[in-house]
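Chemist: Quick note: the sequence shown uses the working numbering, first residue 259, plus one each step. Beta carbons are placed, not taken as given, at the ideal position from N, Cα and C, and that holds for glycine. Structure below; questions to follow.
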Amino acid sequence: MHKLISFFKKPNILLFLILTASAVVRLATLEKLMVFTPDESYILYFVQTLVKNFHIIWVGVSALGFDFYMGPGWLYFLYPFVAISNNDPLVIGIISSVIGVITTYVVYWFAQKLYGTKVGLLSALFYGLSSLIVFYDQQPYPNAVPLTSLLIAISLCLSSKDKKWLYLFSFAYGAVFHLHLSLVLLIFAGIYWVLSNKLLDRKTFFVSIAIFLAVVSPMIVFDYYHNASNITAPLRVFKSIGEKDKTKVNIGKKFNSISSALSRVWYLDQGKSNTDEILYPCNTSLEAKTTGAKLPLVLFSLVVLVSFFFGKNFLKDEKKRLFFVLSLCYIVPYLTISSINSVEYYLLGFFPLFFIMTAVFVVSLKKPLNYIFYSLIILFMIHNIQTVFRASGDYGLKTKRIMINKVMDYIDNSTYALSEEGGICQGAAGWRYLYMSYGKLPSQSSEDKSFYWLWDENEISKEKAKYSVVMEDKRVPVRKHEGYIEKIIEGGFNAYIYEN
Numbered sequence: 259m260h261k262l263i264s265f266f267k268k269p270n271i272l273l274f275l276i277l278t279a280s281a282v283v284r285l286a287t288l289e290k291l292m293v294f295t296p297d298e299s300y301i302l303y304f305v306q307t308l309v310k311n312f313h314i315i316w317v318g319v320s321a322l323g324f325d326f327y328m329g330p331g332w333l334y335f336l337y338p339f340v341a342i343s344n345n346d347p348l349v350i351g352i353i354s355s356v357i358g359v360i361t362t363y364v365v366y367w368f369a370q371k372l373y374g375t376k377v378g379l380l381s382a383l384f385y386g387l388s389s390l391i392v393f394y395d396q397q398p399y400p401n402a403v404p405l406t407s408l409l410i411a412i413s414l415c416l417s418s419k420d421k422k423w424l425y426l427f428s429f430a431y432g433a434v435f436h437l438h439l440s441l442v443l444l445i446f447a448g449i450y451w452v453l454s455n456k457l458l459d460r461k462t463f464f465v466s467i468a469i470f471l472a473v474v475s476p477m478i479v480f481d482y483y484h485n486a487s488n489i490t491a492p493l494r495v496f497k498s499i500g501e502k503d504k505t506k507v508n509i510g511k512k513f514n515s516i517s518s519a520l521s522r523v524w525y526l527d528q529g530k531s532n533t534d535e536i537l538y539p540c541n542t543s544l545e546a547k548t549t550g551a552k553l554p555l556v557l558f559s560l561v562v563l564v565s566f567f568f569g570k571n572f573l574k575d576e577k578k579r580l581f582f583v584l585s586l587c588y589i590v591p592y593l594t595i596s597s598i599n600s601v602e603y604y605l606l607g608f609f610p611l612f613f614i615m616t617a618v619f620v621v622s623l624k625k626p627l628n629y630i631f632y633s634l635i636i637l638f639m640i641h642n643i644q645t646v647f648r649a650s651g652d653y654g655l656k657t658k659r660i661m662i663n664k665v666m667d668y669i670d671n672s673t674y675a676l677s678e679e680g681g682i683c684q685g686a687a688g689w690r691y692l693y694m695s696y697g698k699l700p701s702q703s704s705e706d707k708s709f710y711w712l713w714d715e716n717e718i719s720k721e722k723a724k725y726s727v728v729m730e731d732k733r734v735p736v737r738k739h740e741g742y743i744e745k746i747i748e749g750g751f752n753a754y755i756y757e758n
């Protein structure tokens, strides 16, 4: 028995168990819980153009709403997987979940390199098993944000000993423009770190710039032929922020949102839908059943932050100073820029750093307080694993697939027009792509106006379809349906079938 306990106390064995558990909670529940929205369908429509006819694309999906377009790197990455899976949307959920497991390992590697094995293991445990993080990792968009945030932090931290790590920073920061713009302000952390540590020399500067430009080169080509719409986007963003009707920032609401996030990374109620927890605007709606902040957990998180950032060694500890600047790059714009909604996924890059800070705090505790916290960590593990497995799948991919099969069974091989409407959460849920993947392509759809330019001409029929299928998030419907010949209910959705 003693030998068995000693075996499981080995760091490599503990790390293996943590990574295995993080993989199981993500992948075993993926089909039941995976969120699929117009964002995911938009990305997959783009990728599908590559699958049908591989060609060079210079930009990807639009972002911000200011005529800014992301780079195509993520689309190229997804291309072989989507092609092999025959356009099954589940594949992008598998990819995002596997990236979550990889991120768990990177959290361990970075934390143990800075603060030792105990901190590394605890940090990985927190990230790998937090139900909130699991739910976000299962959502294909936004993608790889925590991992990219970690790579930027790692590259800066290690560059003080070897300037070549700045090459990784240039690559990772370039990747931000292919993934998600919530990380864009980390350039200020990079500038601070380079100047404060006097890391800039001619060779490092020019190689780093060359790497960055190579990563974003498709976007540069696009801007050349598109009136520099990307590079001038910040001007339009600042103009929008400066408009009178957009200067009202509800600081109280923003602080409440951050406080809620600092609680929810530790605890979510069991039995609720993951869409209510992570999907905007579900998680901001009064009708949703989103887990609220728990004051003891908020206070604990604040104690962690205060102890880490305001300890007596803060000014002398360059690692803490770097974490502080990185944290500011997330929190300050989140609090002050009105165009950023009070949505947690803007803080996804901050959470891995926060878990490392928490692990440092826990490991620093003395007896008997540390025993109390280790007992709480065991409860954290049990509760969060149960939360994921007991979460409602009413809005997940499996429910949608079952609904599609029932609709297809009813209309058989007849033509149909598809539309989406109603509901606070998934009134729009990328149904056209799902019907195309799991059923039959509709003759017309409500998505045609938005995405027609990504489809072949023959994908939209001009002939009147035999049936009309209306998909509805059944909470708070927008209208009363009459005259339908069949109503199908599955999970959180209604399907109304009309004969034309």
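Nearest-angstrom Cα distance between Ile469 and Val734?
Modeler: Looking at the two C-alpha atoms, the distance is approximately 50 Å.
Chemist: Only counting runs of 4 or more residues, tell me where the alpha helix (DSSP H) segments fall wholly within the stretch 272-312, in order along the chain.
Modeler: If we require 4 residues or more, the alpha helix (DSSP H) runs fully inside the stretch 272-312 come out as 288-291 and 296-310.
Chemist: With Tyr756 and Tyr725 assumed to form a contact (beta carbons below 8 Å), what rounded beta-carbon distance in angstroms separates them?
Modeler: Indeed they touch by this definition, with Cβ atoms about 7 Å apart.
Chemist: With a threshold of 16 other CB atoms inside 10 Å of the CB of Leu262, please say whether the residue is buried or exposed.
Modeler: Its pLDDT being 45, under 50, Leu262 is placed unreliably in this model, and the value from its coordinates should be taken loosely. Per the 10 Å Cβ criterion, exposed.
Chemist: Does the beta-carbon distance from Tyr399 to Glu298 come in below 7 Å?
Modeler: Yes; because the gap between Cβ atoms is below 7 Å, this pair is in contact.
Chemist: Taking only the alpha-carbon atoms, compute the straight-line gap between Asn752 and Leu372 and give it to the nearest angstrom.
Modeler: In a straight line, the C-alpha of Asn752 is about 52 Å away from that of Leu372.
Chemist: Hey, could you find the ends of the alpha helix (DSSP H) Asp395 is sitting in?
Modeler: Unbroken alpha helix (DSSP H) run through Asp395: Ser389 to Gln396.
Chemist: For Trp524, which residues from the same chain have a beta carbon less than 6 Å from its beta carbon, with the 5 sequence-adjacent residues on both sides left out?
Modeler: Once the five neighbours on either side are set aside, the close Cβ partners of Trp524 are Leu555.
Chemist: Rank Pro591, Arg737, Ser428 and Asn571 by C-alpha distance to the C-alpha of Leu471 and give the top, closest one.
Modeler: When each option's Cα is compared against that of Leu471, the closest is Ser428.
Chemist: Can you check which of these residues, Leu437, Val621 and Gln684, is closest to Leu379 by C-alpha distance?
Modeler: For the residues Leu437, Val621 and Gln684, the minimum Cα distance to Leu379 belongs to Val621.
Chemist: Quick one: residues in its chain with C-beta nearer than 6 Å to the C-beta of Cys683, no 5 flanking neighbours on either side, listed in chain order?
Modeler: Closer than 6 Å at the Cβ level, and outside the excluded window around Cys683, lie Thr533, Cys540 and Asp731.
Chemist: For Asn485, count neighbouring C-beta atoms within 10 Å of its own C-beta (all shown protein chains included) and say buried if the count is 16 or more, exposed if not.
Modeler: That one is exposed.
Chemist: Given Phe566, which residues of its chain have a CB within under 6 Å of its CB, disregarding the five upstream and five downstream residues?
Modeler: Same-chain partners within the cutoff: Met615.
Chemist: Would Met639 and Trp689 be called neighbours here (beta carbons separated by less than 7 Å)?
Modeler: Result no, Cβ atoms of Met639 and Trp689 do not sit closer than 7 Å.
Chemist: Would you call the CB atoms of Tyr653 and Gly750 closer than 7 Å?
Modeler: Yes, these two residues count as a Cβ contact at 7 Å.
Chemist: Could you give the distance in angstroms between the alpha-carbon of Ser531 and the alpha-carbon of Phe326?
Modeler: Rounded to whole angstroms, Ser531 to Phe326 spans 33 Å at the Cα level.
Chemist: Any beta-carbon of chain C closer than 7 Å to the one on Leu444?
Modeler: You won't find chain C in this structure, because it holds only one protein chain.
Chemist: Would you be able to state if there are at least three C-beta pairs under 8 Å between the stretch 640-660 and the stretch 383-393?
Modeler: Enough Cβ pairs lie closer than 8 Å, so yes.
Chemist: For Ile747 and Ser418, what's the separation of their Cα atoms in angstroms?
Modeler: Ile747 and Ser418: Cα-Cα distance of roughly 59 Å.
Chemist: Which residues mark the beginning and the end of the alpha helix (DSSP H) in which Val442 is found?
Modeler: Premise fails: Val442 is in no alpha helix (DSSP H) and is neither H nor E.
Chemist: Within the continuous alpha helix (DSSP H) that includes Ser466, where are the two ends?
Modeler: From DSSP, the alpha helix (DSSP H) with Ser466 extends over Arg460 to Tyr483.
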